[in-house]
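Asks: Before anything else, here's the structure in question.
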Amino acid sequence: SYIIRGFTFDHTGHLLHLHNDVTRRLIRRLLKGNLLECRRNAWIFSKGVYTRYPFQANLYGLPPRVIRECCDGLRAAIEEYGPDPVRSGPPLNFREWCERLFGRGISKHFMLPYNQKLWTVPAEKMTPEWCGQFVPRPKLEDVLNGARRDDTAAYGYNTTFLYPRKGGIQVLADALAQRLTDVRLGCSLEKVLWGEKKVLLSSGEEIPYSRLVSTLPLPELLKRLAPFPEALREPFETLSWTSVLCANIGVKRPRISDKSWIYFPEKKYVFYRAGFPMNFTPHIVPRGCSSMYVEVAHRPGKKYSQPAERTGLFRQIRDGLLAADVLRRSDAFPVVSFLPIPYAYVIYDDKRAKALQTIFKWLDESAGTVSIGRYGAWKYSFMEEAILDGRKAAQGIDTSY
1248 SYIIRGFTFD
1258 HTGHLLHLHN
1268 DVTRRLIRRL
1278 LKGNLLECRR
1288 NAWIFSKGVY
1298 TRYPFQANLY
1308 GLPPRVIREC
1318 CDGLRAAIEE
1328 YGPDPVRSGP
1338 PLNFREWCER
1348 LFGRGISKHF
1358 MLPYNQKLWT
1368 VPAEKMTPEW
1378 CGQFVPRPKL
1388 EDVLNGARRD
1398 DTAAYGYNTT
1408 FLYPRKGGIQ
1418 VLADALAQRL
1428 TDVRLGCSLE
1438 KVLWGEKKVL
1448 LSSGEEIPYS
1458 RLVSTLPLPE
1468 LLKRLAPFPE
1478 ALREPFETLS
1488 WTSVLCANIG
1498 VKRPRISDKS
1508 WIYFPEKKYV
1518 FYRAGFPMNF
1528 TPHIVPRGCS
1538 SMYVEVAHRP
1548 GKKYSQPAER
1558 TGLFRQIRDG
1568 LLAADVLRRS
1578 DAFPVVSFLP
1588 IPYAYVIYDD
1598 KRAKALQTIF
1608 KWLDESAGTV
1618 SIGRYGAWKY
1628 SFMEEAILDG
1638 RKAAQGIDTS
1648 Y
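Under our numbering, the sequence shown has 1429 at position 182, and the numbering climbs by one with no breaks.
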């Protein structure tokens, strides 16, 4: 987290969805009373109207034509593929998976445009392997109920979440760090001399290791292997991901929205999501102000580094939020901070699983290295899973954990 002019911002939304007793106990102990429990209030803005998240269970409020198309499409998919359309058969790409599970209407109006906007690749180029608990799968009767009336039933893994009362999500990292010794800050890992079992730091220091645990984005770890093993050349080159430019924005007006976050599936909006941290806790904005994080996905390599590019992008963000009635033309912005996130989402394609099998086997056997976390393990996951990854890695080294 970082603070600008009294606003505390994270690197986009980082919320604690805890389902494991170990992490519940750990985080409550680390943060003591500095936690608030929030109920998710997530919405979608499309067709000029707001509907509740998830889209597939909350069609009420959309134009009648869209509702009919979504309901008829789901009925047709059930009739054609049965109640469990993805249990067996050849592997499906993400488009096929969506159309079998949700029908062509829901896929057309939300699932495909939103996810193609987020992942920056066509749905046919992705597998549905990442979906799991992240994509709610309501029954037909739930979809029909949500089309007839405003249904407040909660779906998904993140219906409630925890967030620090003060300090942003940084306070969790700080609390974990308090118990550590011999930590080097302000330097980076430059090389992994895997044949000698040493790492070289940017400070010039060489450190021997018997077991190395890395949370670097996997491509960055592989780039640092010295010498680079030719056996990993092909799998390294198949790794694919998308980047995000996060616009953290302070607004000089209280309560610009009552929502947790909003999804924007339509192409006319340059961003795919906007979230409102001041609704997680009031203690991270100055009195009388609001805050937002607005996420713009793009292919790796695009920098948005020039002032004119960022000015133009902010204008597009502002225009989109004006259209969604989040902002007013009279609003002032004491802070507009652009935060590049080079590695944001790992793309699940048909090459990923095979590449990871080869890479992780080589790292373990030849370099004595385990690569963990959302980006180290090269997966789509949330904060609790990252913590559990760390615990599992520690247990593999020292059985006292």
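Using N, Cα and C, we set each Cβ at its ideal position, and we do this for glycine too.
(1) Helix, strand or coil: how does DSSP classify PHE1357 here?
(2) Is the beta carbon of ALA1640 closer than 7 Å to that of GLY1620?
(3) Quick test of your reading: MET1373 and ILE1594, contact by CB under 8 Å. State the CB separation rounded to the nearest angstrom.
(4) At a cut-off of 6 Å, is VAL1517 close to the ligand MN when judged by its beta-carbon and the heavy atoms of the ligand?
(5) If you reduce the DSSP assignment to three classes, tell me which class SER1435 lands in.
(6) Pick from GLY1260, PHE1585 and ALA1478: whose alpha carbon is nearest that of PHE1527?
(7) Could you give the C-beta distance for ILE1509 and ARG1520, rounded to a whole number, given that I count them as a contact under 8 Å?
(8) Could you round the C-beta distance between LEU1586 and HIS1258 to whole angstroms and report it? I think they count as a contact, below 8 Å.
(9) Output needed for ARG1546: all residues of its chain with C-beta closer than 8 Å, excluding positions within five of it in sequence on either side, in chain order.
(10) Whose C-alpha, out of ASP1596, MET1630 and LYS1608, is nearest the C-alpha of TRP1377?
(11) Kindly list the residues whose CB is nearer than 6 Å to the CB of PRO1512, restricted to its own chain and excluding five residues on each side of it in sequence; keep chain order.
(12) Can you tell me whether LYS1608 is buried or exposed, with buried defined as 16 or more other CB within 10 angstroms of its CB?
(13) Count the other C-beta atoms from every protein chain shown that fall within 10 angstroms of the C-beta of ASN1267, then say buried if there are 16 or more, exposed otherwise.
(14) LEU1569: buried (16+ other C-beta within 10 angstroms of its C-beta) or exposed?
(15) Look at the Cβ atom of SER1618, then the Cβ atom of LEU1465, and state whether they are nearer than 7 Å.
(16) Note down, one range per segment and in chain order, each beta strand (DSSP E) of at least 3 residues found wholly within the region 1373 to 1415.
(17) Taking buried to mean at least 16 other C-beta atoms within 10 Å of its own C-beta, is SER1449 buried or exposed?
(18) Could you check if VAL1430 is buried or exposed, using at least 16 other CB atoms within 10 Å of its CB as the buried criterion?
(19) From PRO1474 to GLU1443, what distance separates their C-alpha atoms?
(20) Is it buried or exposed, ALA1424, if we count other Cβ atoms within 10 angstroms and call 16 or more buried?
(21) Let me check understanding here. Comparing Cα to Cα, which of ARG1299, LEU1635, LEU1262 and LEU1440 lies closest to THR1399?
(22) From ASP1397 to TYR1307, what does the alpha carbon distance come to, in whole angstroms?
(23) Is ASN1495 helix, strand or coil by DSSP?
(24) Below 8 Å CB to CB, which residues in the same chain sit around LEU1339 once its five sequence neighbours on both sides are set aside?
(25) What residue range does the alpha helix (DSSP H) around GLY1522 cover?
(26) My output table needs one value for TRP1508: the three-state DSSP class, helix, strand or coil.
(27) What are the boundary residues of the beta strand (DSSP E) that includes TRP1290?
(28) So if DSSP puts HIS1545 in a beta bridge, which residue, or which two residues, is it bridged to?
(29) Between ALA1422 and LEU1277, is the Cβ-Cβ spacing less than 7 Å?
(30) Going by DSSP, name the residue or residues bridged to VAL1296.
Replies: Quick answer:
(1) helix
(2) no
(3) 7 Å
(4) No copy of the ligand MN appears in this structure; indeed no ligand is present at all.
(5) coil
(6) GLY1260
(7) 7 Å
(8) 6 Å
(9) THR1367, THR1489 and SER1490
(10) ASP1596
(11) SER1293, PHE1357, PRO1360 and TYR1361
(12) exposed
(13) exposed
(14) exposed
(15) yes
(16) 1407 to 1411
(17) exposed
(18) exposed
(19) 11 Å
(20) exposed
(21) ARG1299
(22) 6 Å
(23) strand
(24) VAL1333, ARG1347, THR1374 and PRO1375
(25) Element bounds for GLY1522: not the alpha helix (DSSP H) but the beta strand (DSSP E), 1520 to 1522.
(26) strand
(27) 1289 to 1293
(28) SER1490
(29) yes
(30) SER1293
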